[in-house]
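Asker: So that we are looking at the same thing, I have put the structure below in structure tokens.
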Amino acid sequence: MHWADVLADELLKNKTKHVLATGITPSGPIHIGNMREILTTDAVYRCLIEKGGNAEFIYICDDYDPLRKVYPHLPASYAQYVGKALSEIPCPCGNHKSYADHYLESFLGSLHEIGVNPRVYRASELYNNGEYNESIQIALENTNGIRNILETLSGRHMPKDWLPYNVKCESCGRFSTTHPHLYEYPMVDYTCDCGHTGEVDIRKNGQGKLPWRVDWPARWRMFGVTFEPCGKDHATVGGTRETGAKISEEVYKYPHPGLLVYEFIMLKGQGAMHSSKGTAVSGEEMLQMTPPEVLRFLIMRNQPNKHIVFDSGLGLLTLVDEYDKEEEVYFGKEIEIKGMKEFKKIYELSQPYHIPKTMPLHLPYRHLVTLDQIAKIWPDVKEILIRTGQIPKKLKKEDEDHLRQRAEHVRYWLSMFAPDEVKFEVKEKLPEIFLTEEQQTILTLFKEKIPELSWEPEAIHKAIYEISEETKIPIKTAFSAIYQVILGQEKGPRAGFFLSNLEKQFVLRRVTEAVK
RNA sequence: GGGCCUGUAGCUCAGCUAGGUAGAGCAUCUGGCUUUUAACCAGGUGGCCAAGGGUUCGAAUCCCUUCAGGCCCGCCA
């Protein structure tokens, strides 16, 4: 059974109605780990629905969280906003309502693209609408209980007058600099480092916020959450997962969701990804270089507790090829390989939206890497594909969409992540090169052959070999001559295939010019 | 100090939530294709499933111990 089915079955053992939650703080660009959280939840969600369960997928966006520090991606001027709620500080680009909106919008856009459409709640609204009021009161009434849990489980020591409530300073608007010290229903007295002293009425909305370790269990009860994944960083002893479970049961009297722990995604050669360290490939970037179904495939084929190494270099091409192979097996074009477990379910869960009725048109992904560098825009790529008979003239709309989308992902990958060895540029003019006598000979003979050649990969390939044999000039020399006159470099993509994608007349002209 | 995960072919891993004769890809070798950014086809070689113990008719698979590696936590969230 696929892991998502196993998890769904476990949930259904207890009851049929489920709320699956995920909460990612929009403090910066999302990274791939966040993608995993989302897609893991989505997989279980889909399995629940499929099995006839009544499930809801919600995303609680903690945009009422204060900005912790000036992250590497922020201008230094943001120092003045540290400690204020993400929903209440300006947008870095100026086009959104707030800092939180800036990141939330692109995040939701990414989610939509990978086929995840949860119901979105914002913490800032929940607090400001008063929906947290009861939870806040419960927390404050149980201050000692919560303190006990936190001190025993996590080994923290908190001040005597500590309260499970972070007040928003009425004067400076910060959460991080206030010190609440006395609770007497309904008032909380506090001082702030800005010099302000005051008291807030917890019956009024949005006066403060629960600390994270309390906020989390509070929302489980508020929304009736029965499933939520969490990263391994929360899963340590004394971590938020453990204190949250206890606070949920003892303070909020709510049976805590099990909290599935998922492993991190590592970036090949760079180790674990952390947005705070600035080494992360953002989720948006990942999505721009990886077709959405392939990104889902990466998550779905791996158990949540296994770490995944994402290779943004040549490994990405292999990943796409593996996906295509899985698709071919799914549609019966290829025989199932023994190691391919759960391929059917994995394939279905990999689809952002609908499962195709017939197999999408396949083109080796590496060919697109070449074609994208020969032609700059999709219509030209398409034209080459049609001219060379690699795709039928009349393309079904979904096939064209599929290919175009892939070509776009390849293009982004080429511009940002592809290693230099696969890059080339078809020079518009004859590059300045030095050809040896041998190479001159080769090109001269090749020029003479071109007009009679049928412009197909194999024929071209064969012609080059024949010349090499006749002249006893090493084949390597021959290839490098061709690459030089067209690309201005020693190496290039497989010559026959490559040249066949260029206009015959263009190649003839270029070679002629080179040997003049 | 603690937690989680991992340890299966030279390399990367699947199989471990059905306990029942060890699997794939890459590499290598052989044959074919006149070696082309990690080309293609057919076939072969290759593993005491980290070590030890236990449960069982039977263990890579379940349990315990040990060893090795990775990540996370021990500020805040």
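Position in the first sequence counted from 1, then plus 6, gives you this note's numbering.
Beta carbons are placed, not taken as given, at the ideal position from N, Cα and C, and that holds for glycine.
Distance check for T47 and V267, CA to CA, integer angstroms please.
Answerer: As a working note, residue 267 is residue 261 in the first sequence. As a working note, residue 47 is residue 41 in the first sequence. One C-alpha to the other measures close to 11 Å.
Asker: Can you give the Cα-Cα distance for Q490 and T518, rounded to whole angstroms?
Answerer: Indexing the first sequence from 1 puts residue 490 at position 484. Indexing the first sequence from 1 puts residue 518 at position 512. Going from the Cα of Q490 to the Cα of T518 covers about 13 Å.
Asker: Just tell me which of D426, K75, W226, K403 has its CA closest to the CA of T376.
Answerer: Counting from 1 along the first sequence, the entry for residue 376 is found at position 370. Nearest option by C-alpha distance: D426.
Asker: Would the beta-carbon of R180 fall within 8 Å of that of P72?
Answerer: As a working note, residue 180 is residue 174 in the first sequence. As a working note, residue 72 is residue 66 in the first sequence. Going by C-beta atoms, R180 is nearer than 8 Å to P72.
Asker: State the Cα-Cα distance for the pair I448 and V122, rounded to the nearest angstrom.
Answerer: The sequence position of residue 448 within the first sequence is 442, counting from 1. The sequence position of residue 122 within the first sequence is 116, counting from 1. Taking the straight line joining both Cα atoms gives about 56 Å.
Asker: Starting from T183, trace the alpha helix (DSSP H) in both directions and tell me its first and last residue.
Answerer: For this step, residue 183 is matched to residue 177 along the first sequence. Run containing T183: none; DSSP gives neither H nor E here.
Asker: Quick one: grab the DSSP three-state call for I314.
Answerer: Within the first sequence, numbered from 1, the residue matching residue 314 stands at position 308. Of the three classes helix, strand and coil, the one that applies to I314 here is strand, per DSSP.
Asker: Apart from the five residues just before and just after E496, which ones in its own chain have a Cβ nearer than 8 Å to its Cβ?
Answerer: Translated into the one-based positions of the first sequence, residue 496 becomes position 490. Excluding sequence neighbours, E496 sits near S486, Y489, Q490.
Asker: Suppose contacts are defined by Cβ-Cβ distances below 8 Å. Is A49 in contact with L355 by that definition?
Answerer: Mapped onto the first sequence, residue 49 falls at position 43. Mapped onto the first sequence, residue 355 falls at position 349. Yes, the pair counts as a contact, with Cβ atoms nearer than the cut-off.
Asker: Going by DSSP, what residue range makes up the alpha helix (DSSP H) through H102?
Answerer: As a position in the first sequence, residue 102 is number 96, starting the count at 1. H102 -> no alpha helix (DSSP H), and no H or E assigned at all.
Asker: Quick one: what's got a C-beta closer than 8 Å to E234's C-beta in the same chain, skipping five residues either side?
Answerer: Working through the first sequence from its first residue, we reach residue 234 at position 228. L26, A27, T28, G29, T47, W226, P263, L265, L266, listed in sequence order.
Asker: Whose C-beta lies closer than 7 Å to the C-beta of R153 among residues of the same chain, with five residues either side of it excluded?
Answerer: Within the first sequence, numbered from 1, the residue matching residue 153 stands at position 147. Excluding sequence neighbours, R153 sits near M164, W168.
Asker: When we look at the beta-carbon of V12 and count the other beta-carbons within 10 Å, is it buried (16 or more) or exposed?
Answerer: Here the question's residue 12 lines up with position 6 in the first sequence. Here V12 is exposed: its Cβ has fewer than 16 other Cβ atoms, across all protein chains shown, within 10 Å.
Asker: Give me the residue from R128, G395, L156 with the minimum Cα distance to G250.
Answerer: Position 244 of the first sequence holds residue 250. For G250, the nearest C-alpha among the options comes from L156.
Asker: Along the alpha helix (DSSP H) that carries N466, what are the first and last residues, could you check?
Answerer: By one-based count along the first sequence, residue 466 stands at place 460. Note that residue 466 is Ile in the sequence shown here, rather than Asn. Per DSSP, I466 belongs to the alpha helix (DSSP H) from 463-477.
Asker: On the premise that P358 lies in contact with V326, defined as a C-beta separation below 8 Å, what is that separation, rounded to the nearest angstrom?
Answerer: In the first sequence, residue 326 corresponds to position 320, counting from 1. In the first sequence, residue 358 corresponds to position 352, counting from 1. Contact doesn't hold; Cβ gap of about 15 Å is too wide.
Asker: Leaving out five residues before and five after T31 in sequence, what residues of the same chain have Cβ atoms less than 6 Å from its Cβ?
Answerer: Residue numbering aside, residue 31 sits at position 25 when the first sequence is read from its first letter. Closer than 6 Å at Cβ, skipping near neighbours: D68, D71.
Asker: How is H280 classed by DSSP in three states: helix, strand or coil?
Answerer: Counted from its first residue, the first sequence places residue 280 at position 274. Unreliable positioning characterises H280 in this predicted model, as indicated by a pLDDT of 49, which lies under 50. The coordinate reading is nonetheless provided below. DSSP places H280 in coil when its eight states are reduced to three.
Asker: Name the residue from E389, F337, V231, Q379 whose alpha carbon lies nearest to the alpha carbon of M365.
Answerer: On the first sequence, position 359 is the one that residue 365 refers to. Closest by alpha carbon: F337.
Asker: If you follow the beta strand (DSSP E) that Y127 is part of, which residue opens it and which one closes it?
Answerer: Walking along the first sequence from the start, residue 127 turns up at place 121. From DSSP, the beta strand (DSSP E) with Y127 extends over 125-128.
Asker: In its own chain, which residues sit with a C-beta less than 6 Å from the C-beta of Y189, not counting the 5 before and 5 after it?
Answerer: By one-based count along the first sequence, residue 189 stands at place 183. Excluding residues up to 5 positions away in sequence, L146, L169 lie with their Cβ nearer than 6 Å to the Cβ of Y189 in the same chain.
Asker: If S116 sits next to I36, beta carbons under 8 Å apart, how far is it from one beta carbon to the other, in whole angstroms?
Answerer: As a first step, residue 116 is located in the first sequence; it is residue number 110 there, counting from the start. As a first step, residue 36 is located in the first sequence; it is residue number 30 there, counting from the start. That belief holds up - the Cβ atoms of S116 and I36 are roughly 7 Å apart, short of 8 Å.
Asker: Once you ignore the five residues that flank G39 on each side, which residues in its own chain have a CB closer than 7 Å to its CB?
Answerer: Locating residue 39 in the first sequence gives position 33, counting from the first residue. Counting only Cβ-Cβ distances below 7 Å, and skipping sequence neighbours, we find G237, F270, I271, M279.
Asker: Taking the Cβ atom as the reference point for each residue, do E5 and Q379 lie within a distance shorter than 8 Å?
Answerer: Outside the shown range of the chain, which is 7 to 522, sits residue 5, and nothing can be said about it.
Asker: When the Cα of I253 is compared with those of C198, I144, L273, which residue comes out closest?
Answerer: Position 247 of the first sequence holds residue 253. Ranking the options by Cα distance to I253, first place goes to I144.
Asker: Please list, in chain order, all residues of the same chain as G201 whose beta carbon is under 7 Å from its beta carbon, the five residues on each side excluded.
Answerer: Within the first sequence, numbered from 1, the residue matching residue 201 stands at position 195. Nothing meets the Cβ criterion.
Asker: Using only the alpha-carbon positions, how far apart do S141 and Y191 sit?
Answerer: Your numbering for residue 141 matches position 135 in the first sequence. Your numbering for residue 191 matches position 185 in the first sequence. Going by the C-alpha atoms only, they are around 14 Å apart.
Asker: Assuming S83 contacts I95 (C-beta within less than 8 Å), just tell me the rounded distance between them.
Answerer: To locate residue 83, count along the first sequence from 1; it is residue 77. To locate residue 95, count along the first sequence from 1; it is residue 89. Incorrect: roughly 11 Å between the Cβ atoms, too far for contact.
Asker: What does a CB cutoff of less than 7 Å around T394 pick up in its chain, not counting 5 residues either side in sequence?
Answerer: Residue numbering aside, residue 394 sits at position 388 when the first sequence is read from its first letter. Closer than 7 Å at the Cβ level, and outside the excluded window around T394, lie S506, N507.
Asker: Does DSSP put F303 in a helix, in a strand, or in coil?
Answerer: On the first sequence, position 297 is the one that residue 303 refers to. DSSP places F303 in helix when its eight states are reduced to three.
Asker: Go ahead and pull the three-state DSSP assignment for N154.
Answerer: Numbered from 1 along the first sequence, position 148 holds the residue referred to as residue 154. In the structure shown, N154 sits in a helix (DSSP, three-state: H, G or I).
Asker: Rounded to whole angstroms, what's the CA-CA distance from N150 to P217? Just pull it up for me.
Answerer: The residue given as residue 150 occupies position 144 in the first sequence. The residue given as residue 217 occupies position 211 in the first sequence. If I take the Cα positions, the gap works out to 15 Å.
Asker: Cα separation between K283 and Y77?
Answerer: As a working note, residue 283 is residue 277 in the first sequence. As a working note, residue 77 is residue 71 in the first sequence. Unreliable placement is indicated for K283, whose pLDDT of 45 sits below 50; no coordinate value is reported for it.
Asker: Measuring CA to CA, which of P98, M41, D15 is closest to G59?
Answerer: Walking along the first sequence from the start, residue 59 turns up at place 53. Selected option, being the one with the closest Cα: D15.
Asker: Return the chain-ordered list of same chain residues with a C-beta closer than 7 Å to the C-beta of R42, the five sequence neighbours on each side being excluded.
Answerer: Here residue 42 is taken as the residue at index 36 of the first sequence, counted from 1. Only Y268, I271, I305 meet the Cβ criterion.
Asker: Measuring CB atoms only, is the segment 317-332 touching the segment 412-426, in the sense that at least three cross pairs come out at less than 8 Å?
Answerer: yes
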